[in-house]
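Everything on this sheet refers to the single structure shown next.
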Amino acid sequence: MPQTTYLEAIRQALDEEMARDASVVLLGEDIGVYGGAFGATQGLLARYGWERVLDTPISETAIVGAAIGMSYTGLRPVAEMQFMDFIGCCFDQLTNFAAKSHYRWDAPVPIVVRGPSGGGVHGGPFHSANPEMVFVHTPGLKVVCPATAYDAKGLLKSAIRDNNPVLFFEHKFLYRRIKEDLPAGDYAVPLGKAAVRREGRHLTIVSYAAMLHASLEAAGQLAGEGIEAEVVDLRTLLPLDRETILTSVRKTNRLLVVHEDTRTGGIAGEIAALVCGEAFDDLDGPIVRVTAPDTPVPSSPPLEEAFLPNAARIAEAARRLAQA
Amino acid sequence: MAVNVVMPQMGESIFEGTVTKWLKKPGDKIERDEPLFEISTDKVDAEIPAPAAGVLKEIKVEAGQTVAVQTVVAIIEAAGSAAATGDAPVAPAPAAASDETPAALPGGKGKAAAAPAPVKAAAKVEAKPAPAAAPAIAAAPAAAASRPAASGDGQRIHSSPLVRRLARENNVDLAPLAGTGSGAGGRISKKDILSVISSGAARPAAAGTPVSAGPSAGAAAVPRERIYFGRYDVAPMSVMRQKIAEHMVASKRTSPHVYSIEEADMTRIAQLRARVKEEFEKRHETKLTFMPFFLSAAVEALRAFPVVNSSVDGNSLVMHREINLGIAVALEAGLIVPVVKGADEKNFLGLQRAVNDLAERARTKKLKPEEVQDSTFSITNPGSVGGLMGLAVINQPNVAILGIGAIQKRPVVVNDAIGIRSMVYLTLSYDHRAVDGAIAHQFMLKVKSSLENWEEEIL
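The following block contains the structure:
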């Protein structure tokens, strides 16, 4: 059996959940006849029909508003953002309505809003953003950022089965670059559980999505220099798996947080505050961040390359931290 | 600003002091370094100068009371902007160093401007006798440990939260390590403090008194560049060599070593041994050496003076009921000390067998870990390679080690005539925290007497 790509893993999750549960429906721009801008819904219209795979007008506000309404009627809609950059259009629907509905009216909103985010594919400032943190700041939502094909499938299944509104940030750089053998049967990966992807003892690198792979590459380089980095994949940003982070920092005593999102207000700041508050006495060095700078994602490929963190920059920061 | 005046630590082994007399009354004006009160400790009586100028606001410990070092004994309302920092306790500089406090620490000799900071910090306390010249705030270990973020002279010690926690938990004073860490800019890191802790510089919390951590075992007494000159080869130390270095430095730092030397007439034993050696070895199939005679004599003396068979834990003496004798065995590249357990319950043959067995297995690297642990007293035998006598370093946590020199025929006075006798020099290195000279010498005389008056049949 060929290895399954991250993108195909997402398609399989949608397919299998639709087959398992008739209340799962899809809606989005060009997801039906065209099969989705990246192909995540390929073949699903033919299999499940136009009543469960809805092509919508180009209005993200309408897509999410409709999904919330459909969820009130007992459906479990999965809405696609053609690019996660456009989720900003749905800010009010998501933060003021979906996030508070269950809290305020006892009416759960079991929707998933999924789509591609992230840079590295020369998409420019409107097709490369990492807008997850706005929603991590919103109680009532869940925010998932898978880094592997296995997780993309397993976490999307958990997201669809979850009764809360879940924002599912796929990383488009990983869509066809990451592949692995997936188990044949049904499986799910629980939300809110981080994974230690590599064991180490000199420092902890916490990351997620595409930057997990850059971090693992950096850890590989560092191992050759005698620096053993432990690499933690957050998998879910909200709720944050505090225990896994703290356990690792208590073991290694040094923390580097890496994310592709811009620096100010990024998850690194939150994790730094968490560790300072809960594990201050275990720190043997400053908490260090490697992130994108506070600018939009540039269109120019050389500028984008300078904008994005990479293995070399992560390794350099880790070296300095290990000796600090 | 109020400045706390604390009971100073007048030497490594001093935990408390008695205020014998106040030289000022509350309300009196006082100059910095002016005598403020008198104290008496186990080691020294001293006049303590004021750490700051101002008005004596309050006396908290009256004359006649005994308190732990670092206890606040008075408060001075300092005049104007005193040099002292915050409300931090300020230990007055000792008026005089105790004569049993080593004035020169390793590397502390000479001017060595580039000598490591620990030496400088320690020298401030130990080596400067003149209070007027001493800094107002002594780098007293306890003061620094209770407020480890800053060194005694008010400078920030660069470490990390983890290091400060480990220092608290293990009672390590960070002040002497300031600026010597392996982190950026000399910051003390986890690695540095773990090496201090594992070197044995730290004491369990029960001791209640932080111990100043000296230079690590590998630290040079001179700047590194002065080590490399002319032609040389550099050989890395084996793990065993490093451990020996670590243990020796830790032992010298922990125990004030004092030495006692005795000489014993071994003629009687030498004759006995010559007479029965062949028969003994045939019958028991093991070599007959002089060692069991010495072990046996040591057991007798340890029974008579049990404090020599003890360990020091802070303010407690742990009196061991077992007598387990560590026997130093020289290896091709190092040294190991296997232990004859329960030596007081073994007869002569048992001691001989145990010594031969342990020595043989030490040389063939077949000792089990538990066979080099739990010694209560140790014996080393420089005589085995012909050494006349040797003054050994105490094998921690013992408080003494017996050194046996070479047995040589020497002219000695016997009944007012000169005779030729088989003589041996015996040395005892002992920890003055636990054992005083009188005991040590009586112990040695007991060893000597057991050897010279040997009665036991050994076949």
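Those sequence lines, one after another, are chains A and B. The opening position of the first sequence corresponds to residue 1 in our numbering, with each subsequent residue numbered one higher. The opening position of the second sequence corresponds to residue 1 in our numbering, with each subsequent residue numbered one higher. Backbone N, C-alpha and C define an ideal beta-carbon position, used for all residues, glycine too. Please read these numbers as outputs of a predicted model, since none were measured by experiment.
Is the CB of G183/B under 7 Å away from at least one CB in chain A?
-> yes
Could you list which residues in chain B have their beta carbon closer than 7 Å to that of G200/A, in chain order?
-> Within chain B, no residue comes near G200/A; the closest Cβ sits about 15 Å away, beyond 7 Å.
Determine which residues share a DSSP beta bridge with A417/B and list them.
-> V414/B
Does DSSP classify N310/A as helix, strand or coil?
-> coil
Which residues in the same chain as G342/B place their Cβ atom closer than 8 Å to its Cβ, once the five residues preceding and following it in sequence are excluded?
-> E322, I323 and N324
Check whether the region 129 to 147 of chain A touches the region 227 to 245 of chain A, taking contact to mean three or more Cβ pairs, one atom from each stretch, closer than 8 Å.
-> yes
So is P141/B in contact with chain A if we call contact Cβ pairs under 7 Å?
-> Reliability of the predicted coordinates at P141/B is poor, the pLDDT of 39 falling under 50, and the value obtained from them is presented with this limitation in mind. P141/B does not count as touching chain A.
Cβ of R224/B less than 7 Å from any chain A Cβ?
-> no
Going along the chain, which residues of its own chain have a beta-carbon closer than 6 Å to the beta-carbon of T209/B, five neighbours each way excluded?
-> Any reading at T209/B must be qualified, since the residue scores a pLDDT of 37, below 50, and its modelled position is unreliable; no value is offered.
Could you tell me if C276/A is buried or exposed, where buried requires 16 or more neighbouring beta carbons within 10 angstroms of its beta carbon?
-> exposed
Give, in chain order, every residue of the region 282 to 316 of chain A whose Cβ lies closer than 7 Å to some Cβ of chain B.
-> D282, L283, D284 and G285
Anyone know if the C-beta pair for A362/B and P382/B falls short of 7 Å?
-> no
Classification of L303/A by the beta-carbon crowding that lies within 10 angstroms, buried from 16 upward = exposed
If the cut is a Cβ gap below 7 Å, which residues of chain B does N253/A touch?
-> L162 and K190
R165/B CB to nearest chain A CB: under 7 Å?
-> yes
Can at least three beta-carbon pairs, one atom from the region 74 to 82 of chain A and one from the region 22 to 42 of chain A, be found at a separation below 8 Å?
-> yes
Curious, which full-length beta strand (DSSP E) runs of at least 3 residues does the region 196 to 228 of chain A contain?
-> 203 to 207
Contact check, D192/B vs R421/B under 8 Å by CB: the rounded distance?
-> Wrong, their Cβ atoms sit about 54 Å apart, outside the cutoff.
7 Å Cβ shell around E58/B - same chain, five flanking residues per side excluded = P26, A74 and I75
In angstroms, rounded to a whole number, what distance separates the CA positions of H202/A and E270/A?
-> 22 Å
Residues near A400/B by beta carbon distance below 7 Å, same chain, minus five either side = V308, F377, I394, L428, S429, Y430, D431 and V435
Beta-bridge pairing of K409/B - partner residues as DSSP gives them | S422/B
Where DSSP assigns a beta bridge to W22/B, which residues make up the other side?
-> F37/B
Pull up the distance between the alpha-carbon of S160/B and that of F290/B, whole angstroms please.
-> 55 Å
Nonlocal neighbours in the same chain, by C-beta distance under 8 Å from Q214/A, ignoring five residues either side | Just to set this straight, residue 214/A is Ala in the shown sequence, not Gln. Excluding positions up to five away in sequence, the list reads S207, V258, P309, N310, A311 and I314.
Chain B contact for F91/A (CB, 7 Å cutoff) = no
Do you know how far the Cα of Q396/B is from the Cα of S255/B?
-> 9 Å
For T5/A, write down the residues that DSSP places opposite it in a beta bridge.
-> K179/A
So the beta strand (DSSP E) R361/B belongs to, where does it begin and stop?
-> No beta strand (DSSP E) contains R361/B, which is instead part of the alpha helix (DSSP H) from F348 to R363.
Quick one: Cα of V385/B to Cα of L445/B, how far?
-> 25 Å
In angstroms with no decimal places, state the Cα-to-Cα distance between A78/B and A52/B.
-> 6 Å
Out of curiosity, what's the CA-to-CA distance linking G437/B and F443/B?
-> 10 Å
Cross-strand partners of K142/A (DSSP beta bridge) = V166/A
Proximal residues of chain B, C-beta to C-beta of A273/A below 8 Å = In chain order: nothing, as chain B lies at least about 15 Å away.
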